[in-house]
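Novice:
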């Protein structure tokens with residue numbers, strides 16, 4: 027019973043997790059909502075005449091400023107306070123959104139998108155979630171955020187073309203700004219204030235240890251993977267909307283293609299991930315997802331003469347995309363040392379943002395000079411290279427991460443606790459936080475006895491007599 031009580035979320039933890047998942051979702055909505063319609067709109071602005079490279083820059087520039095500021099703002103939240111940094115970042119993001127709504131030239135739109143990206147609060151939000159949740163339920167809280175991002179992305183692709191008919195792309199940017207202001211109120215009035223803020227190695231980046239992550243070849247493969255996935259995605263949305271318009275499908279009707287593709291992708295992603303995780307088939311599912319993306323990109327390279335082929339390629343694409351979006355963070359978590367998981371995810375998220383920028387910028391240049399074939403040949407080559415790297419990588423160990431609080435009775439006895447936990451079946455690694463108040467256990471998914479580990483941690487006298 028004690029174990030059940032400890033692993034249930036307290037009301038304050040539910041409030042913190044749900045409200046901050048809402049903040050994440052609202053902010054990402056601002057990025058995703060314009061994704062399927064922005065390139066077409068940007069191409070109509072003064073300064074865009076035969077200048078698709080600048081259109082691509084407008085698509086991806088926010089990824090550059092986000093990559094540059096994401097980790098620094100996370101560190102700033104350690105010094106100045108989580109909520110203060112989140113407020114500042116959301117204000118900057120809202121300002122960029124309203125600037126984009128008012129932009130009357132393509133150059134102004136590029137600047138506004140850069141300002142949007144500068145409101146990079148994801149690291150600070152993650153740190154606040156860690157402050158407001160116990161170790162035992164933190165993974166669940168982070169999963170709520172991940173789910174909110176995935177659902178927001180899928181909904182945005184379908185809703186954006188419809189909303190564009192009513193309010194136009196400037197209206198989407200204005201709506202984003204309004205929702206961002208509302209998210210500031212959500213943090214102020216709904217999200218609890220942390221009793222204390224500290225470094226959480228499982229959720230936050232440690233700048234001094236980034237070098238350790240960069241020396242890990244398996245993690246670097248995954249970083250390249252998220253870079254390639256989002257570079258190809260941004261290049262796709264820089265050019266594909268023009269192809270669908272050329273095939274006679276008006277931009278406000280694009281949802282008819284995106285809806286079945288995203289729904290099928292979401293529905294099939296769940297059982298595939300379950301199979302991968304529970305049957306130790308994660309590598310096969312992962313590589314299969316990359317194969318889907320590669321097949322879709324190659325299909326688009328040769329199938330832009332038919333809207334039905336485009337729709338079929340997008341269905342295959344979103345099956346792979348959703349599988350990879352769900353499995354990549356899981357693989358990072360399995361491979362990274364438990365006390366470096368936050369740092370590994372920080373590098374991973376930065377690689378994702380750089381991919382968004384490179385995909386938009388390179389996609390625009392390729393589209394301007396080489397047309398659709400140049401864009402999809404680039405995307406295909408990038409994904410095929412990733413597929414080869416992933417296929418050659420060793421399969422990840424079927425492990426999971428457990429984070430538990432260390433009672434004060436174990437102070438100055440960490441070596442004994444380490445030995446006791448390592449003696450349990452299935453335990454592969456045990457490490458402690460810098461303040462020695464948290465223990466990180468990496469253990470096999472099958473066979474590890476969590477109750478035994480909890481008993482050791484809570485029953486000091488039974489271990490050392």
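Residue numbers (the working numbering): 27 to 491.
C-beta atoms are modelled at their ideal positions from N, C-alpha and C, and glycine is treated no differently.
#1: Under a three-way DSSP split, which group does residue 36 fall into?
#2: So residue 216 and residue 116 are supposed to be a Cβ contact under 8 Å. How far apart are they, rounded?
#3: Taking only three categories from DSSP, how would you classify residue 466?
#4: With a 10 Å radius around its C-beta and 16 neighbouring C-beta atoms as the bar for buried, classify residue 188 as buried or exposed.
#5: Going by beta carbon distance, what residues of the same chain come within less than 8 Å of residue 9, once the five residues before and after it are set aside?
#6: Do residue 404 and residue 388 come within 8 Å of each other at the CB atom, strictly closer than that value?
#7: Is residue 448 buried or exposed, if buried means 16 or more other CB atoms sit within 10 Å of its CB?
#8: Checking 8 Å against the spacing of the C-beta atoms, do residue 69 and residue 127 come in under that value?
#9: Can the beta-carbon of residue 198 be found less than 8 Å from the beta-carbon of residue 186?
#10: Let me confirm a value: residue 438 is counted as buried when at least 16 other C-beta atoms fall within 10 Å, else exposed. Which label applies?
#11: Out of curiosity, what's the CA-to-CA distance linking residue 379 and residue 351?
#12: According to the Cβ coordinates, are residue 483 and residue 450 closer than 8 Å?
#13: Measure the beta-carbon distance from residue 100 to residue 228 and round it to whole angstroms, keeping in mind my assumption that it falls under 8 Å.
#14: Using 10 angstroms around the beta-carbon of residue 472, count the other beta-carbons present and answer buried if the total reaches 16, otherwise exposed.
#15: Quick check: the Cα distance between residue 283 and residue 468, rounded to an integer number of angstroms?
#16: Starting from the C-beta of residue 383, find all residues in its chain whose C-beta is less than 6 Å away, skip the five residues before and the five after it, and write them out in chain order.
#17: So which of 233, 303 and 442 has the shortest CA-CA distance to residue 357?
#18: Looking at residue 372: is its Cβ nearer than 8 Å to the Cβ of residue 146?
#19: Measure the C-alpha to C-alpha separation of residue 381 and residue 401 and round it to an integer number of angstroms.
#20: Which residues does DSSP pair with residue 458 in a beta bridge?
#21: Report all residues from its chain with a CB closer than 6 Å to the CB of residue 485; omit the five preceding and five following residues, and keep chain order.
#22: Using 8 Å as the threshold, is the C-beta distance between residue 206 and residue 53 below it?
#23: Would the region 170 to 184 and the region 109 to 125 be scored as touching if the rule is three or more Cβ pairs under 8 Å?
#24: Count the other CB atoms within 10 Å of the CB of residue 354; is the residue buried (16 or more) or exposed (fewer)?
#25: With DSSP run on the structure shown, which of helix, strand or coil describes residue 306?
#26: Determine the burial state of residue 192: buried for a count of at least 16 other Cβ atoms within 10 Å of its Cβ, exposed for fewer.
#27: Ordered along the chain, which non-local residues of its own chain (more than five positions away) have a Cβ less than 6 Å from that of residue 554?
#28: Relative to the C-alpha of residue 184, which residue among 362, 61 and 92 is closest?
#29: State the Cα-Cα distance for the pair residue 164 and residue 131, rounded to the nearest angstrom.
#30: Rounded to whole angstroms, how far is the Cβ of residue 416 from the Cβ of residue 316, which I believe are closer than 8 Å?
#31: Could you tell me the distance, in whole angstroms, from the CA atom of residue 154 to the CA atom of residue 322?
#32: Residue 280 to residue 464, Cα distance in whole Å?
#33: Is the Cβ of residue 371 closer than 8 Å to any Cβ of chain B?
Specialist: On the basis of the supplied data:
#1: coil
#2: Their Cβ separation, rounded to whole angstroms, is 14 Å, which puts residue 216 and residue 116 out of contact at 8 Å.
#3: strand
#4: exposed
#5: Past the boundaries of the shown model lies residue 9; the chain is included only from 27 to 491, so the question cannot be answered.
#6: yes
#7: exposed
#8: Going by C-beta atoms, residue 69 is not nearer than 8 Å to residue 127.
#9: yes
#10: exposed
#11: So the alpha carbons of these two residues sit roughly 14 Å apart.
#12: No, the Cβ-Cβ distance between residue 483 and residue 450 is not below 8 Å.
#13: 14 Å between Cβ atoms; not a contact.
#14: Answer is exposed; the Cβ neighbour count stays below 16.
#15: Roughly 42 Å between the two C-alpha positions.
#16: 86, 89 and 90
#17: 303
#18: no
#19: Straight through space, the alpha carbons of residue 401 and residue 381 are spaced by roughly 15 Å.
#20: According to DSSP, residue 458 bridges with 465.
#21: none
#22: Against a cut-off of 8 Å, the Cβ pair of residue 53 and residue 206 comes out as a contact.
#23: no
#24: Answer is buried; the Cβ neighbour count reaches 16.
#25: coil
#26: exposed
#27: Residue 554 lies beyond the stretch modelled for the chain, which goes from 27 to 491, so this question has no answer here.
#28: 61
#29: 44 Å
#30: 6 Å
#31: So the two alpha carbons sit approximately 38 Å from each other.
#32: Rounded to the nearest whole angstrom, the C-alpha separation of residue 280 and residue 464 is 49 Å.
#33: Note that chain B does not occur in the displayed structure, where there is just one protein chain.
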